[in-house]
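According to this note's numbering, the sequence shown holds residues 21 to 742 in order.
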Amino acid sequence: MDWITHEEDVWFEFRGNSPHQLVPGRFYKGTVDGYADFGVFVDLASNVTGLLHRSELDRRLESLEWEPGDEVFVQVKNVRDNGNIDLGWSIRQSDTEFRGARIHDPDGDADGQPVEKEAESSGPTTIKTRPQTGKTTKPVGATTSQKSVETESEPEPEPEPEPVEAEPEPESAAGDEGRAPTAKDVVTDISESETEAETAPEAAETHEAAAEPEAAETVEAEEVERVRIDSIDNRVGEVVRVEGEIASVRQTGGPTVFELRDETAIADCAAFVEAGVRAYPSVEVGDYVRIDGEVERRRGELQIETEDLTVLEGADAETIKQRLADALSDEARPDAVAPLAAHEPVAAVGKSLLDAAEAIRRAVLESRPIVVRHTATADGYAAGAAVERAVLPLIRDEHPRDDAEYHYFTRRPLEEAVYGMDAATNDVTRMLEDRDRHDEKLPLVLLLGAGSTAESLDGLGLLGVYGSERVVVDAAPADDEVAEEVDVLVNPPREGADARDLSVGALASTLSVAVNEDVRDGVSHLPAVSYWENCPQQYLDLAADHGFDADRVRELREAVALEAYYQSYQDKRELIADLLFDADEGLAGHVSEQFRIKLEDEIETAQANLERRQVDSVSAAVLDSDAYSHRFDFPPTGLLVDELHRRTREGDAFVTVALGMDELYFRSTGDLDLRAVVESAAEKAPAAGLAAAGIREGRIEFLTGARDEALEAVLAAAAEQF
């Protein structure tokens with residue numbers, strides 16, 4: 021390659037239209053499209069987007085100063101069979117740091133040619149048109165007559181060395197059918213002369229027109245018909261008028277893309293000033309607007325090329341708002357809940373399940389992100405995966421963006437069932453960043469098997485301060501204070517039902533079917549997966565009817581439990597989907613085998629070091645978990661004490677305790693009130709600092725220096741309750 025000795029010495033400008041045309045190992049110039057929890061999306065072409073995962077960065081994702089629209093350099097590491105592109109970090113972030121630049125044009129004659137630098141100009145600059153990107157340089161919201169007025173009111177630009185072709189009069193700009201010039205007309209005119217000197221004056225006028233959209237001349241009402249968004253697939257090539265609410269705004273390397281939602285669907289409306297410049301900067305998410313533009317199909321997806329955008333107020337805005345509200349009510353609420361299997365505690369919460377399903381479906385329709393919080397256990401993951409399975413297809417149907425599911429749905433596991441200030445602060449910080457970065461609405465937070473006790477009130481209250489909707493679904497008894505704090509609570513015990521044989525996974529699986537009936541067959545095995553023991557027979561039969569016998573269910577449960585531990589701070593969407601839904605039996609069997617090996621090793625050590633005690637009529641098995649378990653390895657203490665209790669319990673009055681340095685895990689054969697146990701124990705050992713840290717996990721905290729006193733007090737208080 022003449023003066024270039026190695027491809028890694030240069031960067032490439034990609035002019036292809038398929039991910040599979042990229043060459044792994046090469047460095048490409050791209051444009052930041054947006055952020056997700058796990059990395060940055062970078063556009064390499066108009067419909068070719070890759071993911072720079074946070075693990076590839078040389079710094080924390082939160083400290084990255086890239087903004088949507090910024091030009092960056094990345095390395096293509098891998099292109100997967102499904103078209104997903106894995107990008108790598110480039111320490112060189114300026115073209116001057118490379119030895120050169122080449123064009124990668126797989127289907128064109130320019131492949132391998134040097135990238136020509138744009139000539140310097142003392143006047144205003146524009147970005148040259150790039151036909152392969154499908155983006156236009158249409159002046160947003162400005163007609164020819166408007167530009168004439170603006171030109172007369174502005175100082176005359178200095179004459180250029182070469183004369184610029186005279187601007188056409190309004191009559192001639194109108195095209196064959198008497199309409200305003202479209203984006204295609206402008207691109208055709210500009211492409212005939214690509215130098216900056218020739219296009220600079222028009223670029224300046226374009227920028228001013230986009231900055232003040234309210235001054236733009238609108239298309240006369242009688243010339244454009246208002247249509248519903250769900251009908252635009254039959255109007256390609258036509259200029260239409262659509263009205264609705266701005267659902268999101270994203271700045272690409274070319275146009276600004278407004279997601280517009282009406283009562284029927286969502287459409288992308290592209291408005292272009294110049295590459296990377298925000299069109300209609302005063303338009304915000306939640307505004308009610310009217311958009312006129314031409315319907316076009318870009319890379320197989322429908323898009324409206326915005327010619328005029330008007331923010332509506334007063335009666336016009338109220339009309340649209342009411343139209344959307346009526347449509348949402350009709351579409352969001354399911355007709356009824358049909359449980360996966362007959363189960364009395366599930367039937368008892370039919371109305372609240374409908375309320376929760378409506379809240380979730382409404383969030384999708386309103387383009388609000390959904391954040392699911394569940395415990396990092398097999399039960400919690402079964403619940404979270406069921407809801408995820410139901411919601412993702414709805415998001416894909418509602419939003420045209422390829423990466424919409426990453427923007428509008430997040431599943432974040434919790435170490436325990438308490439939704440404390442740490443988790444809430446994390447969620448609030450992220451949602452405020454997403455609001456500022458991506459103009460996203462505040463999310464709906466769905467808590468599955470978590471957040472239903474008074475220990476979660478501080479976290480729930482923080483969400484409430486910001487107006488984030490809160491839905492709690494739990495099979496264990498919920499506290500009165502939580503019922504008053506949250507927007508929707510699904511809780512069978514509060515309806516008078518005995519839910520001791522109900523798992524969160526079984527309850528959430530029914531919720532998922534209420535959200536999306538199409539997933540019924542796909543989630544029917546999840547209730548059985550969520551039970552470690554005493555699974556109701558109807559759920560075992562349901563799983564068997566769908567091809568999951570008892571051994572397969574056990575393998576899935578164990579495999580998910582192992583993966584839940586090792587990446588408890590990430591959602592592991594793809595891995596969990598492979599285990600529970602898409603993979604053959606080999607994957608679950610392999611991971612399950614690792615689960616049993618690790619668990620048996622730990623159980624063998626623990627059983628050999630159990631201390632047996634007798635307190636009145638209560639028998640106890642106590643493990644010094646600090647001394648006889650691996651604190652930072654699998655299994656976690658909660659799972660270890662569960663298994664110990666299953667294997668060692670004797671009689672009707674038996675407790676198992678895993679005693680750590682400043683906390684203990686408590687399990688009992690009796691239905692004890694753990695809060696009452698802690699209150700009584702605190703009276704017996706007032707200097708121990710005893711506190712119920714996690715009611716659902718049976719976790720009690722105490723002061724390190726009062727370890728022995730705390731244990732004695734807890735055992736004595738438990739014996740009193742028996």
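All C-beta atoms in this analysis are idealised placements derived from N, C-alpha and C, irrespective of residue type, glycine included.
Per DSSP, what kind of secondary structure is residue i in: helix, strand or coil?
| i | result |
| --- | --- |
| LYS618 | helix |
| ARG432 | strand |
| GLU279 | strand |
| ALA291 | strand |
| THR113 | The identity of residue 113 in the sequence shown is Gln, whereas the question assumes Thr. Looking at GLN113 - three-state DSSP - the assignment turns out to be coil, as it is neither helix nor strand. |
| LYS167 | Any reading at LYS167 needs caution, since the residue's pLDDT is 31, under 50, leaving its predicted position unreliable; the model's value is listed next. Here LYS167 sits in helix by DSSP. |
| ALA519 | coil |
| GLU460 | coil |
| GLU91 | strand |
| ALA335 | helix |
| VAL535 | helix |
| ILE249 | helix |
| ASN98 | strand |
| LEU466 | strand |
| GLU489 | strand |
| LEU42 | coil |
| SER268 | strand |
| PRO175 | A caution first: PRO175 carries a pLDDT of 43, below 50, which makes its placement in the model unreliable, though a value can still be read off. Three-state DSSP puts PRO175 in coil, outside helix and strand. |
Please name the residue or residues paired with residue i in a DSSP beta bridge.
| i | result |
| --- | --- |
| GLU314 | VAL259 and GLU325 |
| GLN634 | SER639 |
| ASN37 | None; ASN37 has no bridge partner. |
| LEU684 | LEU679 and ILE720 |
| ASP57 | Bridge partners of ASP57: none, in fact. |
| ALA628 | Note: ALA628 sits in no beta bridge, so no partner. |
| TRP86 | Beta-bridge pairing links TRP86 to no other residue. |
| PRO134 | ARG122 |
| ILE286 | ARG281 |
Using 9 Å as the threshold, is the C-beta distance between residue i and residue j below it?
| i | j | result |
| --- | --- | --- |
| TYR685 | SER645 | yes |
| GLU378 | ARG416 | no |
| LEU72 | VAL62 | yes |
| VAL262 | VAL269 | no |
| PRO359 | ALA517 | no |
| VAL99 | LYS49 | no |
| GLN41 | ASP129 | no |
| VAL391 | VAL485 | no |
| PRO463 | ASP447 | yes |
| VAL259 | VAL244 | yes |
| VAL506 | LEU480 | yes |
| GLU333 | GLN323 | no |
| THR445 | LEU482 | yes |
| TRP552 | ARG666 | yes |
| MET681 | THR724 | yes |
| TYR401 | ILE623 | no |
| VAL580 | ALA410 | no |
Take residue i and list the residues in its own chain whose beta-carbon comes closer than 6 Å to its own, dropping the five residues that flank it on each side.
| i | result |
| --- | --- |
| VAL533 | ARG540 |
| PHE568 | HIS545 |
| PHE34 | TYR48, LEU64, ALA65 and HIS124 |
| VAL68 | PRO39 |
| ASP29 | ARG119 |
| THR668 | ALA641 |
| PRO181 | At PRO181, the pLDDT of 45 sits below 50, so the modelled position is not reliable; the number obtained from the coordinates is stated separately. Closer than 6 Å at the Cβ level, and outside the excluded window around PRO181, lies no residue. |
| PHE742 | VAL638, ALA673 and GLY690 |
Cutting at 7 Å between CB atoms, please list the residues of its own chain near residue i, excluding the five before and the five after it.
| i | result |
| --- | --- |
| THR326 | VAL160, CYS289, ALA290, ALA291, ILE311 and GLY313 |
| LYS97 | PRO44, ASP106, LEU107 and GLY108 |
| ALA737 | VAL697, SER700, ALA701 and LYS704 |
| GLU578 | SER612, PHE615 and ARG616 |
| GLY658 | TYR685 and GLU717 |
| GLY404 | VAL392, HIS394, ARG431 and LEU468 |
| VAL52 | VAL60, VAL62, TRP86, GLU87, PRO88, GLY89, ASP90 and VAL92 |
Closer than 8 Å by C-beta to residue i: which residues in its own chain qualify, once you throw out the five before and the five after it? Chain order, please.
| i | result |
| --- | --- |
| PRO134 | GLY120, ALA121, ARG122 and ILE123 |
| ARG593 | GLU408 and ARG431 |
| ALA548 | CYS555, TYR559, LEU560, LEU562, ALA563, PHE568 and VAL573 |
| THR473 | ALA437, VAL438, ALA498, ASP499, VAL502, ILE715 and ARG716 |
Sorry if obvious, but does the Cβ on residue i come closer than 8 Å to a heavy atom of the ligand ZN?
| i | result |
| --- | --- |
| ASP253 | Inclusion of the ligand ZN in the displayed structure is not the case, the ligand content being empty and no account of it being possible. |
Could you tell me which whole alpha helix (DSSP H) segments of length 4 or greater appear in the segment 360–446? Entirely contained in the segment 360–446, the alpha helix (DSSP H) runs reaching 4 residues are, in chain order, 364–367, 370–385, 398–418 and 424–428.
Complete alpha helix (DSSP H) runs within the segment 539–605 (minimum length 4 residues, chain order): As far as the segment 539–605 is concerned, its whole alpha helix (DSSP H) runs of at least 4 residues are 540–543, 546–549, 557–565, 570–586 and 593–597.
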